[in-house]
Amino acid sequence: MHVKPWEWMAKPTPQEEWIEGKGLLSWLSFFSVALGAGMYFIAVILNYPLAMLIGYLICLVIGGGTKMVDLGKPTRAWRMMINYDGDGGLMGALLLLFKNPAKFIKMIMNSGWRTSWISRGMFFIGLFTIFGLVHIILTFVGVDATGIGNLGSVTGVLAIIMIVASILVTVYAGLLIGYVRAIPLWGSAMMPLFFIASGFLGGAALAVAGRVGNIITGPAAIQWLQITVLVYAAVVIVFLWNTWNQSGAGRYSIRKMINSGGPLTLIFYIGVVLMGIFIPVSTVIYTLTAATTPTLMLAIAIAGVLVGDLSMRYLIMKCGVYTPLIPQSPY
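Written out as C-alpha coordinates, the structure is:
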(Lines of atoms letter the chains of each structure in order from A and count residues from 1; the text may use other names and numbers.)
(Lines give C-alpha, C1' and ligand atoms only; values in the text may rest on other atoms or scores of the structure.)
Protein backbone atom coordinates (compact mmCIF):
# COMPACT_ATOMS: atom_id res chain seq x y z
CA MET A 1 0.00 0.00 0.00
CA HIS A 2 1.65 3.19 -1.23
CA VAL A 3 0.51 6.49 0.19
CA LYS A 4 0.20 9.49 -2.11
CA PRO A 5 2.40 12.43 -1.04
CA TRP A 6 -0.57 14.57 -0.03
CA GLU A 7 -2.01 11.73 2.08
CA TRP A 8 1.15 11.11 4.11
CA MET A 9 0.22 11.34 7.81
CA ALA A 10 -3.11 12.90 6.82
CA LYS A 11 -4.53 9.38 6.58
CA PRO A 12 -3.35 6.18 8.31
CA THR A 13 0.17 5.78 6.94
CA PRO A 14 1.64 2.24 6.83
CA GLN A 15 5.10 1.63 8.19
CA GLU A 16 7.31 0.00 5.56
CA GLU A 17 10.80 -0.06 7.06
CA TRP A 18 10.34 -3.41 8.84
CA ILE A 19 8.27 -5.32 6.28
CA GLU A 20 9.02 -4.00 2.78
CA GLY A 21 12.06 -5.10 0.75
CA LYS A 22 15.01 -5.78 3.02
CA GLY A 23 12.75 -5.06 5.97
CA LEU A 24 11.28 -8.56 5.52
CA LEU A 25 14.41 -9.79 7.25
CA SER A 26 13.24 -8.09 10.46
CA TRP A 27 10.01 -10.11 10.31
CA LEU A 28 11.94 -13.36 9.75
CA SER A 29 14.45 -12.47 12.45
CA PHE A 30 11.79 -11.76 15.09
CA PHE A 31 10.06 -15.05 14.20
CA SER A 32 13.24 -17.17 14.22
CA VAL A 33 14.71 -15.68 17.40
CA ALA A 34 11.48 -16.21 19.35
CA LEU A 35 10.95 -19.66 17.83
CA GLY A 36 14.46 -20.81 18.74
CA ALA A 37 14.37 -19.39 22.26
CA GLY A 38 10.90 -20.82 22.82
CA MET A 39 12.07 -24.23 21.65
CA TYR A 40 15.08 -24.03 23.98
CA PHE A 41 12.77 -23.21 26.91
CA ILE A 42 10.45 -26.13 26.19
CA ALA A 43 13.39 -28.49 25.58
CA VAL A 44 14.90 -27.67 28.98
CA ILE A 45 11.58 -28.29 30.73
CA LEU A 46 11.04 -31.58 28.85
CA ASN A 47 14.67 -32.69 29.33
CA TYR A 48 15.17 -32.96 25.56
CA PRO A 49 18.84 -32.05 24.76
CA LEU A 50 18.60 -32.43 20.96
CA ALA A 51 15.68 -29.98 20.73
CA MET A 52 17.65 -27.64 22.98
CA LEU A 53 20.55 -27.64 20.52
CA ILE A 54 18.25 -27.13 17.54
CA GLY A 55 16.50 -24.23 19.25
CA TYR A 56 19.86 -22.64 20.04
CA LEU A 57 20.92 -22.85 16.39
CA ILE A 58 17.58 -21.54 15.09
CA CYS A 59 17.79 -18.56 17.41
CA LEU A 60 21.39 -17.59 16.67
CA VAL A 61 22.10 -18.83 13.14
CA ILE A 62 18.78 -18.10 11.43
CA GLY A 63 17.43 -15.37 13.70
CA GLY A 64 20.75 -13.68 14.40
CA GLY A 65 21.96 -14.16 10.83
CA THR A 66 18.93 -12.49 9.24
CA LYS A 67 19.17 -9.62 11.72
CA MET A 68 22.86 -9.05 10.93
CA VAL A 69 22.08 -8.94 7.20
CA ASP A 70 19.22 -6.54 7.88
CA LEU A 71 21.43 -4.11 9.80
CA GLY A 72 22.71 -1.23 7.70
CA LYS A 73 26.20 -1.46 9.25
CA PRO A 74 26.57 -4.94 10.83
CA THR A 75 30.17 -4.25 11.87
CA ARG A 76 28.93 -1.44 14.13
CA ALA A 77 26.23 -3.47 15.88
CA TRP A 78 28.46 -4.06 18.92
CA ARG A 79 28.29 -0.33 19.70
CA MET A 80 24.71 -0.86 20.89
CA MET A 81 26.21 -2.77 23.82
CA ILE A 82 29.40 -0.79 24.48
CA ASN A 83 29.68 3.00 24.50
CA TYR A 84 33.25 3.08 23.15
CA ASP A 85 34.68 6.04 21.23
CA GLY A 86 38.37 5.14 21.29
CA ASP A 87 40.66 3.74 18.61
CA GLY A 88 40.80 0.16 17.37
CA GLY A 89 37.09 -0.53 17.01
CA LEU A 90 35.77 -3.69 18.67
CA MET A 91 39.25 -5.05 19.31
CA GLY A 92 40.23 -1.84 21.06
CA ALA A 93 37.12 -2.04 23.23
CA LEU A 94 37.85 -5.67 24.17
CA LEU A 95 41.48 -4.89 24.99
CA LEU A 96 40.23 -2.22 27.37
CA LEU A 97 38.58 -5.03 29.36
CA PHE A 98 42.06 -6.19 30.40
CA LYS A 99 43.71 -2.76 30.59
CA ASN A 100 41.01 -0.96 32.55
CA PRO A 101 38.10 -3.25 33.60
CA ALA A 102 36.38 -0.48 35.57
CA LYS A 103 36.24 1.77 32.51
CA PHE A 104 35.02 -1.12 30.36
CA ILE A 105 32.15 -1.83 32.77
CA LYS A 106 31.33 1.88 32.84
CA MET A 107 31.11 1.90 29.03
CA ILE A 108 28.62 -0.95 29.15
CA MET A 109 26.58 0.74 31.87
CA ASN A 110 26.45 3.94 29.78
CA SER A 111 25.43 2.16 26.57
CA GLY A 112 22.01 2.16 24.92
CA TRP A 113 20.46 -0.50 27.18
CA ARG A 114 19.13 2.25 29.46
CA THR A 115 16.78 3.65 26.82
CA SER A 116 16.68 1.30 23.82
CA TRP A 117 14.89 -2.03 23.59
CA ILE A 118 17.09 -2.88 20.60
CA SER A 119 20.17 -2.60 22.81
CA ARG A 120 18.48 -4.55 25.59
CA GLY A 121 17.65 -7.25 23.08
CA MET A 122 21.32 -7.45 22.12
CA PHE A 123 22.21 -8.01 25.78
CA PHE A 124 19.49 -10.65 26.15
CA ILE A 125 20.73 -12.52 23.07
CA GLY A 126 24.32 -12.20 24.28
CA LEU A 127 23.32 -13.73 27.62
CA PHE A 128 21.47 -16.51 25.76
CA THR A 129 24.49 -17.13 23.50
CA ILE A 130 27.18 -17.39 26.17
CA PHE A 131 25.33 -19.33 28.87
CA GLY A 132 23.54 -21.44 26.25
CA LEU A 133 26.82 -22.63 24.76
CA VAL A 134 28.16 -23.68 28.16
CA HIS A 135 24.82 -25.30 29.03
CA ILE A 136 24.75 -27.31 25.79
CA ILE A 137 28.33 -28.54 26.26
CA LEU A 138 27.61 -29.69 29.82
CA THR A 139 24.33 -31.26 28.71
CA PHE A 140 25.98 -33.49 26.13
CA VAL A 141 29.04 -34.45 28.18
CA GLY A 142 27.37 -34.78 31.60
CA VAL A 143 24.85 -37.14 33.15
CA ASP A 144 22.19 -34.64 34.20
CA ALA A 145 20.96 -33.99 30.64
CA THR A 146 19.43 -30.48 30.62
CA GLY A 147 19.76 -30.29 34.41
CA ILE A 148 16.07 -29.71 35.06
CA GLY A 149 15.94 -32.84 37.22
CA ASN A 150 18.84 -31.76 39.42
CA LEU A 151 18.74 -28.01 39.97
CA GLY A 152 21.50 -28.21 42.58
CA SER A 153 24.09 -29.20 39.96
CA VAL A 154 26.05 -26.82 37.73
CA THR A 155 23.94 -27.91 34.76
CA GLY A 156 20.80 -27.34 36.82
CA VAL A 157 21.86 -23.78 37.67
CA LEU A 158 22.55 -23.15 33.99
CA ALA A 159 19.12 -24.59 33.19
CA ILE A 160 17.51 -21.96 35.44
CA ILE A 161 19.61 -19.19 33.87
CA MET A 162 18.67 -20.35 30.37
CA ILE A 163 14.97 -20.55 31.23
CA VAL A 164 15.14 -16.88 32.24
CA ALA A 165 17.28 -15.97 29.21
CA SER A 166 14.87 -17.78 26.86
CA ILE A 167 11.93 -15.83 28.27
CA LEU A 168 13.79 -12.52 27.86
CA VAL A 169 14.80 -13.30 24.27
CA THR A 170 11.29 -14.45 23.38
CA VAL A 171 9.54 -11.40 24.79
CA TYR A 172 11.98 -8.61 23.89
CA ALA A 173 10.70 -8.10 20.32
CA GLY A 174 7.20 -7.64 21.71
CA LEU A 175 8.49 -5.04 24.15
CA LEU A 176 10.39 -3.35 21.32
CA ILE A 177 7.36 -3.15 19.02
CA GLY A 178 5.01 -2.32 21.88
CA TYR A 179 7.13 0.74 22.63
CA VAL A 180 6.07 2.32 19.30
CA ARG A 181 2.99 4.21 20.50
CA ALA A 182 2.57 6.02 17.18
CA ILE A 183 1.31 2.73 15.68
CA PRO A 184 -1.75 1.68 17.75
CA LEU A 185 -1.67 -1.92 16.50
CA TRP A 186 1.86 -2.26 17.88
CA GLY A 187 1.41 -0.16 21.01
CA SER A 188 -1.00 -2.61 22.61
CA ALA A 189 -0.19 -3.90 26.09
CA MET A 190 -0.99 -7.35 24.66
CA MET A 191 2.00 -7.27 22.28
CA PRO A 192 4.64 -8.70 24.69
CA LEU A 193 2.17 -11.39 25.78
CA PHE A 194 1.51 -12.30 22.14
CA PHE A 195 5.22 -12.63 21.37
CA ILE A 196 5.94 -14.85 24.36
CA ALA A 197 2.85 -17.02 23.74
CA SER A 198 3.68 -17.45 20.06
CA GLY A 199 7.35 -18.14 20.79
CA PHE A 200 6.55 -20.86 23.32
CA LEU A 201 3.87 -22.32 21.04
CA GLY A 202 6.25 -22.54 18.09
CA GLY A 203 8.95 -23.98 20.34
CA ALA A 204 6.59 -26.60 21.76
CA ALA A 205 5.44 -27.50 18.24
CA LEU A 206 8.99 -28.03 16.99
CA ALA A 207 9.98 -29.96 20.12
CA VAL A 208 7.02 -32.29 19.63
CA ALA A 209 7.72 -32.49 15.88
CA GLY A 210 11.11 -34.01 16.65
CA ARG A 211 9.32 -36.89 18.35
CA VAL A 212 6.31 -37.39 16.08
CA GLY A 213 5.94 -41.08 15.35
CA ASN A 214 8.31 -41.95 18.17
CA ILE A 215 7.16 -43.87 21.21
CA ILE A 216 8.93 -41.35 23.45
CA THR A 217 6.72 -38.44 22.36
CA GLY A 218 5.24 -38.69 25.84
CA PRO A 219 2.28 -37.03 27.50
CA ALA A 220 4.35 -34.14 28.90
CA ALA A 221 5.26 -32.85 25.43
CA ILE A 222 1.66 -33.19 24.22
CA GLN A 223 0.39 -31.39 27.33
CA TRP A 224 2.76 -28.47 26.74
CA LEU A 225 1.53 -28.23 23.15
CA GLN A 226 -2.10 -28.37 24.29
CA ILE A 227 -1.60 -25.61 26.85
CA THR A 228 0.34 -23.31 24.53
CA VAL A 229 -2.18 -23.77 21.68
CA LEU A 230 -5.09 -22.73 23.89
CA VAL A 231 -3.19 -19.82 25.45
CA TYR A 232 -2.02 -18.61 22.03
CA ALA A 233 -5.54 -18.76 20.56
CA ALA A 234 -6.92 -16.81 23.52
CA VAL A 235 -4.17 -14.18 23.30
CA VAL A 236 -4.71 -13.64 19.55
CA ILE A 237 -8.48 -13.29 19.95
CA VAL A 238 -8.17 -10.87 22.88
CA PHE A 239 -5.46 -8.89 21.07
CA LEU A 240 -7.57 -8.48 17.91
CA TRP A 241 -10.71 -7.67 19.89
CA ASN A 242 -8.93 -5.12 22.05
CA THR A 243 -7.38 -3.39 19.04
CA TRP A 244 -10.69 -3.42 17.15
CA ASN A 245 -12.39 -1.64 20.05
CA GLN A 246 -9.91 1.20 19.78
CA SER A 247 -10.87 4.12 17.59
CA GLY A 248 -9.01 5.35 14.54
CA ALA A 249 -5.80 3.76 13.30
CA GLY A 250 -6.06 0.64 15.50
CA ARG A 251 -9.43 -0.35 14.08
CA TYR A 252 -8.22 0.59 10.60
CA SER A 253 -5.36 -1.95 10.95
CA ILE A 254 -7.76 -4.74 11.94
CA ARG A 255 -10.04 -3.87 9.02
CA LYS A 256 -7.06 -4.27 6.69
CA MET A 257 -6.63 -7.79 8.02
CA ILE A 258 -10.21 -9.03 8.03
CA ASN A 259 -12.07 -7.34 5.17
CA SER A 260 -9.69 -5.54 2.81
CA GLY A 261 -10.43 -8.23 0.23
CA GLY A 262 -6.80 -8.60 -0.86
CA PRO A 263 -3.85 -10.86 0.00
CA LEU A 264 -3.83 -9.69 3.62
CA THR A 265 -7.36 -11.00 4.14
CA LEU A 266 -6.41 -14.37 2.61
CA ILE A 267 -3.39 -14.58 4.91
CA PHE A 268 -5.61 -13.78 7.89
CA TYR A 269 -8.39 -16.29 7.22
CA ILE A 270 -6.27 -19.11 5.79
CA GLY A 271 -2.98 -18.61 7.62
CA VAL A 272 -4.15 -17.33 11.01
CA VAL A 273 -7.77 -18.46 11.49
CA LEU A 274 -7.70 -21.83 9.70
CA MET A 275 -4.09 -23.00 10.01
CA GLY A 276 -3.05 -21.17 13.16
CA ILE A 277 -6.16 -21.46 15.34
CA PHE A 278 -8.90 -23.77 14.02
CA ILE A 279 -6.77 -26.81 13.12
CA PRO A 280 -4.52 -26.72 16.24
CA VAL A 281 -7.45 -26.06 18.62
CA SER A 282 -9.49 -28.85 16.97
CA THR A 283 -6.53 -31.19 17.41
CA VAL A 284 -6.23 -30.23 21.08
CA ILE A 285 -9.93 -30.91 21.65
CA TYR A 286 -9.53 -34.30 19.95
CA THR A 287 -6.46 -35.22 22.03
CA LEU A 288 -8.33 -34.37 25.22
CA THR A 289 -11.03 -36.91 24.40
CA ALA A 290 -9.08 -39.63 22.56
CA ALA A 291 -6.72 -42.23 23.98
CA THR A 292 -4.11 -41.66 21.26
CA THR A 293 -3.38 -38.97 18.70
CA PRO A 294 -2.83 -40.00 15.05
CA THR A 295 0.64 -39.02 13.87
CA LEU A 296 -0.67 -37.37 10.69
CA MET A 297 -3.17 -35.27 12.63
CA LEU A 298 -0.46 -34.14 15.04
CA ALA A 299 1.90 -33.29 12.17
CA ILE A 300 -0.78 -31.19 10.43
CA ALA A 301 -1.48 -29.35 13.68
CA ILE A 302 2.23 -28.61 14.16
CA ALA A 303 2.51 -27.31 10.59
CA GLY A 304 -0.58 -25.18 11.21
CA VAL A 305 0.95 -23.72 14.36
CA LEU A 306 4.08 -22.59 12.51
CA VAL A 307 2.19 -21.23 9.48
CA GLY A 308 -0.28 -19.42 11.73
CA ASP A 309 2.43 -17.85 13.86
CA LEU A 310 4.40 -16.68 10.83
CA SER A 311 1.22 -15.31 9.22
CA MET A 312 0.10 -13.42 12.33
CA ARG A 313 3.52 -11.84 12.77
CA TYR A 314 3.50 -10.78 9.11
CA LEU A 315 0.08 -9.17 9.47
CA ILE A 316 1.15 -7.31 12.60
CA MET A 317 4.12 -5.84 10.75
CA LYS A 318 2.26 -5.23 7.48
CA CYS A 319 -0.96 -3.77 8.87
CA GLY A 320 0.67 -1.43 11.36
CA VAL A 321 -0.18 2.18 10.46
CA TYR A 322 0.78 5.49 12.02
CA THR A 323 -1.93 7.58 13.63
CA PRO A 324 -2.68 10.55 11.32
CA LEU A 325 -1.55 13.97 12.40
CA ILE A 326 -4.98 15.24 11.34
CA PRO A 327 -7.40 13.12 13.42
CA GLN A 328 -10.48 14.68 11.85
CA SER A 329 -9.67 13.33 8.37
CA PRO A 330 -12.09 10.54 7.32
CA TYR A 331 -10.65 7.08 6.71
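Under our numbering, the first residue of the sequence shown is numbered 1486, with each subsequent residue one higher.
All C-beta atoms in this analysis are idealised placements derived from N, C-alpha and C, irrespective of residue type, glycine included.
Query, Result
"Own chain, CB closer than 7 Å to phenylalanine 1515, minus 5 neighbours either side, in chain order", "Ala1658 and Arg1798"
"Coil, strand or helix - threonine 1713 by DSSP", "helix"
"Own chain, CB closer than 7 Å to leucine 1749, minus 5 neighbours either side, in chain order", "Lys1741, Met1742, Leu1800, Lys1803 and Cys1804"
"Coil, strand or helix - threonine 1498 by DSSP", "strand"
"Touch test, the stretch 1597-1614 against the stretch 1629-1644, Cβ-Cβ under 8 Å, three pairs minimum", "no"
"Straight-line gap, leucine 1582 to glycine 1571 (C-alpha atoms, nearest Å)", "13 Å"
"Given lysine 1588 as reference, the closest of Met1524, Tyr1569 and Ile1752 once Cα atoms are compared", "Tyr1569"
"Distance CB(tyrosine 1717)-CB(alanine 1689) smaller than 7 Å", "no"
"Asparagine 1730 versus methionine 1565 - alpha carbon distance", "37 Å"
"Own chain, CB closer than 7 Å to tyrosine 1541, minus 5 neighbours either side, in chain order", "Gly1521, Tyr1525, Gly1617 and Ile1621"
"Residue(s) in a DSSP beta bridge with tyrosine 1807", "Thr1498"
"For alanine 1694 and alanine 1784, the rounded distance between their alpha carbons", "7 Å"
"At least 3 beta-carbon pairs within less than 8 Å: the stretch 1662-1679 vs the stretch 1710-1728", "yes"
"Distance between tryptophan 1709 and leucine 1691 (C-alpha atoms, nearest Å)", "12 Å"
"Nonlocal neighbours in the same chain, by C-beta distance under 7 Å from tryptophan 1563, ignoring five residues either side", "Leu1575"
"Pairwise C-alpha distance: glycine 1550 and threonine 1768", "34 Å"
"Rounded separation between glycine 1557 and methionine 1782 - CA only", "43 Å"
"Residue from Ser1511, Leu1751 and Ile1662 with nearest C-alpha to valine 1792", "Leu1751"
"Simplified DSSP assignment, three categories, for isoleucine 1504", "coil"
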